[in-house]
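S.K.: For what it's worth, my numbering labels the leading residue of the sequence shown as 1335, then goes sequentially.
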Amino acid sequence: MMKIAENISWKLLQDKIVAVNVETGVYYTMNATAGIIWQAIADEKSEEEIALQLQQAYPDVAREDIAADMNEQINYWKAEKLIV
1335 MMKIAENISW KLLQDKIVAV NVETGVYYTM NATAGIIWQA IADEKSEEEI
1385 ALQLQQAYPD VAREDIAADM NEQINYWKAE KLIV
């Protein structure tokens, strides 16, 4: 199960999530879609649950596109060590 790394501090501000790596000082601003994924990870949801949540939020987007975009975002966050 994915989780937010311990060295990451984050907060929901208006409709965006801002995350800061407290060790490096690098910060990240996430749009609403990335925010859905981030909050779901914080809520310890599985990738399948996250994909279903995104499908509900964006019913006109093909499931394959949602899965591909979600995986790309998750892989980026893993590379940046925001999630483990």
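Don't be surprised by glycine CBs; every beta carbon is placed ideally from N, CA and C.
Within the same chain, show all residues whose beta-carbon is closer than 7 Å to that of Gln-1407, passing over the 5 residues directly before and after it, in chain order.
M.R.: Result list for Gln-1407: Ala-1368, Ile-1371, in chain order.
S.K.: Across which residues does DSSP place Met-1363 in a beta bridge pair?
M.R.: It should be pointed out that residue 1363 corresponds to Thr in this sequence rather than to Met. Answer is Val-1352.
S.K.: Does the count of Cβ pairs from the region 1338-1347 and the region 1379-1396 closer than 8 Å reach three?
M.R.: Contact between the region 1338-1347 and the region 1379-1396 is absent, because fewer than three Cβ pairs lie under 8 Å.
S.K.: When the Cα of Asp-1403 is compared with those of Lys-1350, Val-1418, Glu-1414, Ile-1384, which residue comes out closest?
M.R.: It is Ile-1384 whose Cα lies nearest to the Cα of Asp-1403.
S.K.: How would you call Leu-1346, buried or exposed, if buried means at least 16 neighbouring beta carbons within 10 angstroms?
M.R.: Leu-1346 should be labelled exposed.
S.K.: Could you have a look at Leu-1416 and say whether DSSP puts it in helix, strand or coil?
M.R.: Leu-1416 falls in the coil class under three-state DSSP.
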